[in-house]
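Student: Questions regarding the structure given below will be posed in turn.
Residue numbers (my numbering): 171 to 300.
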């Protein structure tokens with residue numbers, strides 16, 4: 171979307187530059203106050219050209235701001251994503267560690283069932299069936 175919007179603004183700017191200028195009149199930027207005070211005395215084509223140029227500049231600024239917001243948002247999302255990913259990796263390491271610990275404990279219990287601690291109230295049986 172942003173690429174198409176940028177391309178559209180560039181096309182609009184190119185079209186605006188191709189518009190025929192009035193012979194003998196220079197296209198000078200007009201101050202906001204000057205524009206307001208001289209609006210009635212300006213020829214309509216000059217006023218239209220000035221306003222359309224100002225509109226185009228405003229659209230360009232808006233697009234720059236939108237692109238900046240988009241970039242900032244993506245950067246923030248990237249930072250959040252990186253922090254979350256590091257937390258995920260940390261938790262995965264803890265899970266692996268606990269899984270290894272559990273596997274080692276079960277392995278010790280299988281090797282020496284008489285040495286393993288029996289749950290409270292139960293006796294550890296050594297050997298076969300009673």
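Heads up, the beta-carbon is just placed ideally off N, CA and C, and yes, glycines get one too.
1. Alpha carbon to alpha carbon, what distance is there between residue 261 and residue 234?
2. When we look at the beta-carbon of residue 219 and count the other beta-carbons within 10 Å, is it buried (16 or more) or exposed?
3. How is residue 212 classed by DSSP in three states: helix, strand or coil?
4. What does the alpha-carbon distance come out to for the pair residue 250 and residue 244?
5. According to DSSP, simplified to helix, strand and coil, what is residue 177?
6. Roughly how many angstroms lie between the CA atoms of residue 174 and residue 240, to the nearest whole one?
7. Rounded to the nearest angstrom, what separates residue 257 and residue 268 at their Cα positions?
8. Between residue 229 and residue 252, what straight-line distance do the alpha-carbon atoms span, to the nearest angstrom?
Tutor: The short version:
1. As a first step, residue 234 must be located in the chain shown, where it is residue number 64. As a first step, residue 261 must be located in the chain shown, where it is residue number 91. So the alpha carbons of these two residues sit roughly 40 Å apart.
2. Residue numbering aside, residue 219 sits at position 49 when the chain shown is read from its first letter. By the neighbour-count rule (16 or more Cβ atoms within 10 Å), residue 219 is buried.
3. The count along the chain shown starts at 1 and reaches residue 212 at position 42. The answer is coil: DSSP assigns residue 212 none of H, G, I, E or B.
4. Stepping through the chain shown from its first residue, residue 250 is reached at position 80. Stepping through the chain shown from its first residue, residue 244 is reached at position 74. The alpha-carbon atoms of residue 250 and residue 244 are separated by roughly 10 Å.
5. Within the chain shown, numbered from 1, the residue matching residue 177 stands at position 7. Looking at residue 177 - three-state DSSP - the assignment turns out to be helix.
6. Along the chain shown, one-based indexing puts residue 174 at 4. Along the chain shown, one-based indexing puts residue 240 at 70. If I take the Cα positions, the gap works out to 15 Å.
7. The residue given as residue 257 occupies position 87 in the chain shown. The residue given as residue 268 occupies position 98 in the chain shown. Approximately 16 Å, taken between the alpha carbons.
8. One-based indexing of the chain shown puts residue 229 at position 59. One-based indexing of the chain shown puts residue 252 at position 82. So the two alpha carbons sit approximately 34 Å from each other.
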